[in-house]
Amino acid sequence: MAYVIEVIALGQNQYPYIETVINLLNKSQEEFIYRLPPERLLKNGLSFSLSRYKKEDVYEWLEKYRQAAKGNRRFVIAILKGEIDNNFFGGSKAKLGLAYFSTNKKNLFNKSPYAYIAYFIIRYSLKFVSPEVKNHEDTRGCFYDYMGYKPDIGESLKSLRLCDECSLKIQPNFNEEIYDSIFLKMSKVIKRLELWWWFYKIKFWFAPQKAPNEQVDNSWLFTSISLGIAASLLVFYLSGWFELSLIIFLVVGIYVFLHNPKRRYFRLGATLFGFAALSGIPRISAAMGYKMTSGNPEVGNEDWFLKLDVFDEPLLPIAFVIAGIILMTFDRKEN
Ligand SMILES: [Zn+2]
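Offset between the sequence shown (1-based) and this note's numbering: plus 102.
In structure tokens, the structure reads:
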């Protein structure tokens, strides 16, 4: 039977990372099912925000959460951002089905934050399977390394195996499905994430998120507008075709609109503002003495050129501004 494990964020909203990681882990195997808390509980942990945590406080919070949330929550892993007393990076009360870890130093010992989160989720899943097996002080490149010396995290994350001693100890609780899921399938996910970290960084940046992530919201708006402007400038530079560069800007805007269900209309409105500013360029440039002519330019004609007459229309930017205001007002009403 599969282990159902809930993964909850404490203190800081790391759900975009967590969601991505558990989706990958769930897809790779069937023996461990990782879940985010349901919508009503998603934000419960976020107000438990400290720069430094005591482990007892974390366990206490988790116990209370479990009681209040009810339902069958046999296993819960908490992910927090703050530091943990005594320089711990995490810990577990495996018999009670509780574990936690911090992503505070996630980029110091390995490259991919996704691999880091996946590694610890698997590490604690293994402890839930065999709560009796304890960590050993020395470092053997084993899941049960104590890792008092923090850079060992990077080593353990690369080796992803058990030492012989732990392999023997773990046998009574192991079966083929658990072995396959942890050491063949999920370990492969971690290795892939770490090896191709730059690829996944780009890929996940573009992946749609379902969990609420208003923390990345503002940066998203800024990023998308800068990205849209950069892309449209590049296209304009290469093609010399003004409308095409506007379309590129709009495509980026629409992409952002779809990316995150939160405050979509605000983003789309902001995109239209940018669009209005860009569509005014032909008129502004005309006022400055540059001519943007319609139709095909002659060879050697250095004027910027337009293929559509519509941009000669002075009302066009105003129409975009009005549309932008309508969308943003609509967004305010919705939120
Ligand atoms: Zn070991």
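Note that CB positions come from ideal geometry on N, CA and C, so glycine has one too.
Check	Outcome
Taking the alpha helix (DSSP H) that Ser227 falls in, what are its first and last residues?	215-231
Could you please go through the chain and list the residues whose beta-carbon is closer than 6 Å to any non-hydrogen atom of ligand 1?	His238, Arg242, Cys244, Tyr246, Leu264, Cys265, Glu267, Cys268
Using 8 Å as the threshold, is the C-beta distance between Phe351 and Phe377 below it?	yes
For Glu185, which beta-bridge partners are listed by DSSP?	Arg154
Spatial neighbours of Ile124 within its chain, please: CB distance less than 8 Å, with the 5 preceding and 5 following residues excluded, ordered by chain position.	Val109, Tyr136, Arg137, Leu138, Ile223
Under the three-state reduction of DSSP, which class applies to Asp282: helix, strand or coil?	helix
Can you name the start and end residues of the beta strand (DSSP E) that Ala111 belongs to?	105-112
I believe Leu348 touches Leu429 by the beta-carbon criterion, under 8 Å. Please report the beta-carbon distance rounded to the nearest angstrom.	Leu348 to Leu429, Cβ: 18 Å. No contact.
Rounded to whole angstroms, what is the Cα-Cα separation between Gly243 and Lys290?	16 Å
As a quick exercise: from Gly371, Ile383, Ile386, pick the residue whose alpha carbon is nearest that of Arg434.	Gly371
According to the Cβ coordinates, are Pro233 and Ala196 closer than 8 Å?	yes
How big is the Cα-Cα spacing for Ala104 and Val353?	42 Å
Spatial neighbours of Val423 within its chain, please: CB distance less than 6 Å, with the 5 preceding and 5 following residues excluded, ordered by chain position.	Ala378
Using the three-state DSSP reduction, which class does Arg175 fall into: helix, strand or coil?	coil
Which value, in whole angstroms, describes the spacing of the CA atoms of Phe306 and Ala389?	43 Å
Can the beta-carbon of Asp247 be found less than 8 Å from the beta-carbon of Ser258?	yes
Among Phe301, Leu144, Asn174, Gly192, which has the Cα closest to the Cα of Asp62?	Since the displayed the chain opens at 103 and closes at 437, residue 62 lies outside it and no answer follows.
Name the DSSP bridge partner or partners of Ile135?	Val106
Less than 8 Å between the C-beta atoms of Gly184 and Ser204, yes or no?	yes
Taking the alpha-carbon positions, what's the Asp438 to Ala217 distance?	Nothing about residue 438 can be read from this structure; the chain reaches only from 103 to 437.
Taking only three categories from DSSP, how would you classify Leu200?	strand
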